[in-house]
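Enquirer:
Residue numbers (our numbering): 104 to 551.
#1: For residue 399, count neighbouring C-beta atoms within 10 Å of its own C-beta (all shown protein chains included) and say buried if the count is 16 or more, exposed if not.
#2: By the three-class DSSP mapping on this structure, what secondary structure does residue 500 have?
#3: Residue 468 lies in the beta strand (DSSP E); which residues open and close that run?
#4: When DSSP builds the beta bridges, which residues end up paired with residue 285?
#5: Which word fits residue 367, buried or exposed, when buried means at least 16 other C-beta atoms lie within 10 angstroms of its C-beta?
#6: Within a Cβ cutoff of 7 Å, which residues of the same chain sit near residue 493, ignoring the five residues on either side of it in sequence?
#7: How should residue 220 be labelled, buried or exposed, when 16 other C-beta atoms within 10 angstroms of its C-beta is the threshold for buried?
#8: Hey, quick one: how far does the alpha helix (DSSP H) through residue 217 stretch, first residue to last?
#9: Check whether the Cβ atoms of residue 217 and residue 279 lie closer than 8 Å to each other.
#10: Count the other C-beta atoms from every protein chain shown that fall within 10 angstroms of the C-beta of residue 353, then say buried if there are 16 or more, exposed otherwise.
#11: Counting along the chain, where does the beta strand (DSSP E) carrying residue 366 start and finish?
#12: Under 8 Å between the Cβ atoms of residue 547 and residue 463?
#13: Can you tell which of 251, 384 and 542 has the C-alpha that lies nearest to the C-alpha of residue 483?
#14: Within a Cβ cutoff of 6 Å, which residues of the same chain sit near residue 306, ignoring the five residues on either side of it in sequence?
#15: Assign residue 294 to one of three DSSP states: helix, strand, or coil.
#16: Can you say whether residue 301 is buried or exposed, counting buried as having 16 or more other CB atoms within 10 angstroms of its CB?
#17: In the DSSP assignment, find the unbroken beta strand (DSSP E) run with residue 247 in it and report its ends.
#18: Per DSSP, what kind of secondary structure is residue 519 in: helix, strand or coil?
#19: Quick check: the stretch 171 to 191 against the stretch 512 to 531, are there 3 or more CB pairs under 8 Å?
#20: Under 8 Å, do residue 198 and residue 536 count as touching if we go by C-beta distance?
#21: Would you mind stating whether residue 519 and residue 276 have Cβ atoms separated by less than 8 Å?
#22: Which class does residue 145 belong to by DSSP, given the choice of helix, strand or coil?
#23: Three-state secondary structure (DSSP) at residue 150?
#24: Would you say residue 446 lies against chain D (beta-carbon separation less than 8 Å)?
#25: Going by DSSP, which residues form a beta bridge with residue 477?
#26: Whole angstroms is fine: what's the gap from residue 545's alpha carbon to residue 296's?
#27: For residue 361, I'd like the list of residues in its chain whose CB is within less than 6 Å of its CB, leaving aside the five on either flank, ordered along the chain.
#28: On the three-state DSSP scale, how would you describe residue 351?
#29: When the Cα of residue 212 is compared with those of 234, 550, 538 and 549, which residue comes out closest?
#30: Here's the rule I'm using: 16 or more other beta-carbon atoms within 10 Å means buried, otherwise exposed. How should residue 288 be labelled?
#31: Along the chain, which unbroken stretches of the alpha helix (DSSP H) at least 4 residues long are found entirely within the stretch 380 to 409?
#32: Would you identify the three-state DSSP class for residue 71, choosing helix, strand or coil?
#33: According to the Cβ coordinates, are residue 163 and residue 510 closer than 8 Å?
#34: Would residue 291 and residue 257 qualify as a contact pair, given that the criterion is a beta-carbon distance under 8 Å?
#35: If you run the structure through DSSP and keep just helix, strand and coil, what is residue 541?
#36: Count the C-beta pairs between the stretch 419 to 436 and the stretch 466 to 478 that are closer than 8 Å, then say yes if the count reaches three, no if not.
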């Protein structure tokens, strides 16, 4: 009888569980679906534009999978070395001089943090859909880089160090053409990042930020914000000397004719095209930017792009200084912007293919008239941009070859603080890890 009683009692308990436990489980599942599936869909607000991230084909995916360039490892090491290691999280420090073989070859962090590096990191977070990291960094950028002009400043620094007082490799680490004044390129890049953010997570209050920034960088009557000033050389009026952030030089006594200007690489055509989709009022801004950029192509011999455009004299500034060399990096950004809207000239595509396939290198500067390299300094930051151009244009062969070229710069030594990251060789057997080189590469790699 005791055994029978125990069985009956167990049966009653099971039945009680079915009556009480199962409804509770169903209720819990329903609550979970409501908060984590249905409710987010109701709060998601569609953006009035269609944004497309890079679509990597099968060949590109296979090449990236077999490459020493590993997106996850690169980001993890960037966080460890340049974000947490730099001591200014969530901000990424722009460079790190790796320790050398001798005791005197001590490591050194760059004292400055470029705005473009922060924005590139933000775009990486957005692609990875890491909203927590993206929110923290975006807020930091807005709070710390916002200039009184309404634009973002080009960089922020901890203390002032004169490059003139240093020798290589420290001087190379500290080199920057950006100032703490307003930067058109940083601002347009941030607008691009905000548009990408909202395409992933829906329209937010940041749309008002986008509008304010666009109002600051462009005016129908005066055109784009000029953050550079050029004066002609006293010795040769055909040469220009550049002053970045003309506001800083307003008190200088200059007898020479000066020209306000902006860099063509600052005009993010894809961001402007998205704005034009969202509001037809921005169509004129896009059309104006496209015409200015396309008109800045130098020649068929050298199908790179002018350094800047001056609305004061309606002319392009192709180079400045005492030689006739043009830096490659601004043109690489310009070519990427053109490629993203399907307007990269065939001659420019051919130039890039020739450099990668035939020459095998991308150099820092090129001769304005002959089209050949005028420097033996290899431009590591250009390869990540070339990778993106290849992916955007669907050029699998160029993508694969560029990946192969980039593998030469990846640190593989297990004891290196920069392991898995791209580094740049400088004098005295020293290497520098630059944030720009690695972040642009990450933007050109597929996400697993």
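Here a beta-carbon is modelled for each residue, glycine too, at the ideal position from N, C-alpha and C.
Computed from a prediction, not measured in an experiment: that's the story for all the values here.
Expert: In short, the structure shows the following:
#1: Counted from its first residue, the chain shown places residue 399 at position 296. That one is buried.
#2: Against the chain shown, residue 500 aligns to sequence position 397. DSSP places residue 500 in helix when its eight states are reduced to three.
#3: Here the question's residue 468 lines up with position 365 in the chain shown. Here the beta strand (DSSP E) through residue 468 covers 468 to 470.
#4: Residue numbering aside, residue 285 sits at position 182 when the chain shown is read from its first letter. In DSSP, residue 285 forms a bridge with 256.
#5: Walking along the chain shown from the start, residue 367 turns up at place 264. Residue 367 comes out buried.
#6: As a position in the chain shown, residue 493 is number 390, starting the count at 1. 501, 502 and 505.
#7: The residue labelled residue 220 in the question sits at position 117 within the chain shown. Result: buried.
#8: In the chain shown, residue 217 corresponds to position 114, counting from 1. Taken as a continuous stretch (DSSP letters only), residue 217 belongs to no alpha helix (DSSP H), being part of the beta strand (DSSP E) at 215 to 217.
#9: Your numbering for residue 217 matches position 114 in the chain shown. Your numbering for residue 279 matches position 176 in the chain shown. Yes; because the gap between Cβ atoms is below 8 Å, this pair is in contact.
#10: Mapped onto the chain shown, residue 353 falls at position 250. Annotation note: pLDDT 47 at residue 353 (below 50); position unreliable, no value reported.
#11: Here residue 366 corresponds to residue number 263 of the chain shown, with the count starting at 1. Residue 366 -> beta strand (DSSP E) spans 361 to 366.
#12: Along the chain shown, one-based indexing puts residue 547 at 444. Along the chain shown, one-based indexing puts residue 463 at 360. Contact flag unset, no.
#13: Numbered from 1 along the chain shown, position 380 holds the residue referred to as residue 483. Checked all of 251, 384 and 542; the closest Cα to residue 483 is 542.
#14: Indexing the chain shown from 1 puts residue 306 at position 203. The beta carbon of residue 306 is closer than 6 Å to those of 148 and 150 in its chain, skipping five residues each way along the sequence.
#15: The sequence position of residue 294 within the chain shown is 191, counting from 1. Correct three-state label for residue 294: helix.
#16: As a working note, residue 301 is residue 198 in the chain shown. Looking at its Cβ environment, which holds 16 or more other Cβ atoms inside 10 Å, residue 301 is buried.
#17: In the chain shown, residue 247 corresponds to position 144, counting from 1. Counting along the chain, residue 247 falls outside any beta strand (DSSP E), though it belongs to the alpha helix (DSSP H) covering 234 to 248.
#18: Your numbering for residue 519 matches position 416 in the chain shown. Note: residue 519 maps to coil in three-state DSSP.
#19: yes
#20: Counted from its first residue, the chain shown places residue 198 at position 95. Counted from its first residue, the chain shown places residue 536 at position 433. Yes, the pair counts as a contact, with Cβ atoms nearer than the cut-off.
#21: In the chain shown, the residue the question calls residue 519 occupies position 416. In the chain shown, the residue the question calls residue 276 occupies position 173. No; because the gap between Cβ atoms is not below 8 Å, this pair is not in contact.
#22: One-based indexing of the chain shown puts residue 145 at position 42. Low confidence applies here, because residue 145 scores a pLDDT of 45, under 50, leaving its location unreliable; read the following figure in that light. Helix at residue 145.
#23: Here residue 150 is taken as the residue at index 47 of the chain shown, counted from 1. The answer is coil: DSSP assigns residue 150 none of H, G, I, E or B.
#24: Going by chain labels, chain D is absent from the structure shown, which holds only one protein chain.
#25: To locate residue 477, count along the chain shown from 1; it is residue 374. DSSP lists no partner for residue 477.
#26: Residue numbering aside, residue 545 sits at position 442 when the chain shown is read from its first letter. Residue numbering aside, residue 296 sits at position 193 when the chain shown is read from its first letter. Computed Cα separation, rounded: 15 Å.
#27: Walking along the chain shown from the start, residue 361 turns up at place 258. Excluding residues within five positions, the ones whose Cβ falls inside 6 Å are 332 and 334.
#28: In the chain shown, counting from the first residue as 1, residue 351 sits at position 248. Residue confidence for residue 351 is low, a pLDDT of 48 falling below 50, so the modelled location carries little weight; the figure read from the coordinates is stated next. Correct three-state label for residue 351: helix.
#29: On the chain shown, residue 212 is found 109 positions in, with the first residue counted as 1. Of 234, 550, 538 and 549, the residue nearest in Cα terms is 538.
#30: Here residue 288 refers to the residue found at position 185 of the chain shown. Residue 288 is buried by the Cβ-count criterion.
#31: Fully enclosed alpha helix (DSSP H) runs of 4 or longer: 386 to 397.
#32: The chain is shown only over 104 to 551; residue 71 falls outside these bounds and no answer can be derived.
#33: Within the chain shown, residue 163 is the residue found at index 60, counting from 1. Within the chain shown, residue 510 is the residue found at index 407, counting from 1. Not a contact, by the Cβ cut-off of 8 Å.
#34: In the chain shown, counting from the first residue as 1, residue 291 sits at position 188. In the chain shown, counting from the first residue as 1, residue 257 sits at position 154. Going by C-beta atoms, residue 291 is not nearer than 8 Å to residue 257.
#35: Residue 541 sits at position 438 when you count from the first residue of the chain shown. The answer is helix: DSSP assigns residue 541 an H, G or I state.
#36: yes
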